[in-house]
Amino acid sequence: HWCTPRLIAGLIPFQYIFLSRFGQALVTWYKGAWPAGAPCIHTILSWLLFPLMWIAFRIVEFLFKIQRGQWGSYAPKLDVVADFYGYAHVLDTTFLNKWREAKLQG
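This is how it looks when you write it as structure tokens:
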């Protein structure tokens, strides 16, 4: 799972991106949230904005990897959006501190 920092890049509170109306719009344009029969404008926006949202969420994943040390075997298998909306966790820095001090085994 993705370990989510409280502040993205040390600046933006996590909840502003993932737990807000703005964040829901970003996720919707990336993954889609409406069942078949969505208004036409939503379908068009999803098609047009998907490439931009894909890049934006890859940047977010890269920032999370830097902040939380999730490289190599610690890298999550799912993308951040799929993982967060399946299993949301905001963790403390214990994992990162142990990883930096080489105290993890596995």
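Residue numbers (the numbering used here): 100 to 205. The C-beta atom is built at its ideal place from N, Cα and C for all residues, glycine as well. Please read all numbers here as calculations on a predicted model, not as lab measurements.
Out of the options, which one is the CA nearest neighbour of residue i?
i    : options                   : result
N196 : S145, Q166, V179 and E160 : Q166
I158 : L147, P138 and I116       : I116
Could you round the C-beta distance between residue i and residue j to whole angstroms and report it? I think they count as a contact, below 8 Å.
i    : j    : result
E200 : D178 : With 8 Å as the limit, E200 and D178 do not qualify as a contact, their Cβ atoms being about 29 Å apart.
L151 : A108 : Between A108 and L151 the Cβ distance is about 18 Å, and since that is not below 8 Å, they are no contact.
W198 : G168 : 5 Å
K164 : A174 : 7 Å
Tell me residue i's beta-bridge partners as DSSP assigns them.
i    : result
T127 : In the DSSP output, where bridge partners are listed per residue, T127 has none listed.
L106 : P112
Only counting the same chain, and skipping five residues up and downstream in sequence, which positions put a Cβ closer than 7 Å to that of residue i?
i    : result
L144 : W128
Please return the same chain residues whose Cβ sits closer than 6 Å to the Cβ of residue i, not counting the five positions on each side in sequence.
i    : result
F121 : none
L126 : Per the sequence shown, the amino acid found at residue 126 is Val instead of Leu. Once the five neighbours on either side are set aside, the close Cβ partners of V126 are V180.
Would you identify the three-state DSSP class for residue i, choosing helix, strand or coil?
i    : result
K197 : helix
S119 : coil
W146 : helix
Q169 : coil
W153 : helix
L162 : helix
A181 : helix
H141 : helix
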